[in-house]
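Q: Input: one structure, supplied below.
Numbering (this note's numbering), first residue to last: -2 to 196.
Written as structure tokens, this is what we have:
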């Protein structure tokens, strides 16, 4: 009897790359794949108002803008790290079957391996400074509060309980939180990435 084949643990990308979830290589990471995937992964499981989903790519743009508002001295490299903070979700955000094949390993461990590959691909440190990590988390939680209350139907006291209440109002918040078509967000994400990598 032939030996059982090991479950497939890689995801094929539109670029032609295959990203191995067990051993992700930076050489298999392409920003076009990240932008395309994140623009099609819905935040809040799609339970948001508007004609379009509010995608992880749009959330990432929002968080990067919030981080820059919180710290006007952020370098382009630091802002790039913030922009990419949810990059692993281009592979694991929708619980694709290859991810189920490795579900015995904790989600966090898989996520961290993919994130490390992404950071290495774009010449970013895999161990970022504590201040930048804390700033990213602060901006991420602030984004969650505003998304929850303006898009996902949360009352402010409920959102405050889960995410805390930000002590500032983001600039251009209405435009940042207006769900847009996935192809538009994909291009905006790529444009922002390119702007940060040439600064």
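Heads up, the beta-carbon is just placed ideally off N, CA and C, and yes, glycines get one too.
Leaving out five residues before and five after residue 77 in sequence, what residues of the same chain have Cβ atoms less than 8 Å from its Cβ?
A: Closer than 8 Å at the Cβ level, and outside the excluded window around residue 77, lie 119, 121, 190, 193 and 194.
Q: Below 8 Å between beta carbons: does that hold for residue 156 and residue 145?
A: Yes, they are a contact pair.
Q: To the nearest whole angstrom, what separates the beta carbons of residue 35 and residue 186, a pair I think is in contact under 8 Å?
A: That belief holds up - the Cβ atoms of residue 35 and residue 186 are roughly 7 Å apart, short of 8 Å.
Q: With a threshold of 7 Å on Cβ separation, who are the neighbours of residue 93 within its own chain once the five nearest residues in sequence on each side are excluded?
A: A caution first: residue 93 carries a pLDDT of 45, below 50, which makes its placement in the model too unreliable to give a value.
Q: At the level of alpha carbons, what is the spacing between residue 60 and residue 4?
A: About 36 Å.
Q: Taking C-beta to C-beta, are residue 204 and residue 176 nearer than 8 Å?
A: Residue 204 falls outside the range modelled here, since the chain spans only -2 to 196, and no answer is possible.
Q: Scan the stretch 118 to 189 and note each continuous alpha helix (DSSP H) run of 4 residues or more that stays entirely inside, going in chain order.
A: Whole alpha helix (DSSP H) segments, 4+ residues: 127 to 147, 153 to 160 and 170 to 173.
Q: Among 12, 89, 13 and 65, which residue has its Cα nearest to the Cα of residue 140?
A: Of 12, 89, 13 and 65, the residue nearest in Cα terms is 65.
Q: Compute the Euclidean distance between the alpha carbons of residue 124 and residue 149, then round it to the nearest angstrom.
A: Each residue's Cα considered, the two are about 33 Å apart.
Q: Which same chain residues, not among the five before or five after residue 41, have their C-beta less than 6 Å away from its C-beta?
A: Around residue 41: 149.
Q: Between which two residues does the alpha helix (DSSP H) containing residue 30 stretch?
A: Where residue 30 is concerned, the enclosing alpha helix (DSSP H) stretches over 28 to 35.
Q: Threshold first: 4 residues or longer. Then list the alpha helix (DSSP H) segments lying entirely within the stretch 39 to 99, N to C.
A: List check, alpha helix (DSSP H) in window: 53 to 67, 73 to 80, 86 to 89 and 94 to 98.
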